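Enquirer: For the sequence shown, this note's numbering begins at 271 and goes up steadily by one.
Mind looking over this structure? Questions follow.
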Amino acid sequence: SSNENTLTFGTQHALDELTTVKARFNNFGMASALIQHEFRPKSLVTISTEVDTKAIDKSSKVGLSLVLKP
């Protein structure tokens, strides 16, 4: 493990009662964002991405999540 500290700033905003957008940025230049939608009670679909702003030529990460609860 490393003994480095990380400072992260983040925000979230509810577009409506079922949809949330979140974003964060840290002091190492990593930026990430997601949009999360609740299409049924307790069932969510999330699309997220992460990019290193100091190495923009490298590929970014993209994710898709589906949570289903009865």
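The beta carbon of each residue, even a glycine, is placed where N, CA and C say it ideally should be.
What you are looking at is a predicted structure, and each value in this text was computed from that prediction instead of being measured.
Just to confirm my understanding: we take Leu288, look at its own chain, exclude 5 residues before and 5 after, and list those with CB closer than 8 Å. What are they?
Expert: Cβ within range, chain order: His307, Glu308 and Phe309.
Enquirer: By DSSP's criteria, Ala325 is part of a beta bridge. Which residues make up the other side?
Expert: BP columns for Ala325 are empty, so no partner.
Enquirer: Taking the beta strand (DSSP E) that Asp331 falls in, what are its first and last residues?
Expert: Correcting the residue identity first, residue 331 is Lys in this sequence and not Asp. Here the beta strand (DSSP E) through Lys331 covers Lys331 to Val337.
Enquirer: Using only the alpha-carbon positions, how far apart do Arg301 and Leu336 sit?
Expert: Note on residue identity: the sequence assigns Ala, not Arg, to residue 301. Between Ala301 and Leu336, the C-alpha separation is close to 22 Å.
Enquirer: DSSP three-state call for Lys312: helix, strand or coil?
Expert: Lys312 falls in the coil class under three-state DSSP.
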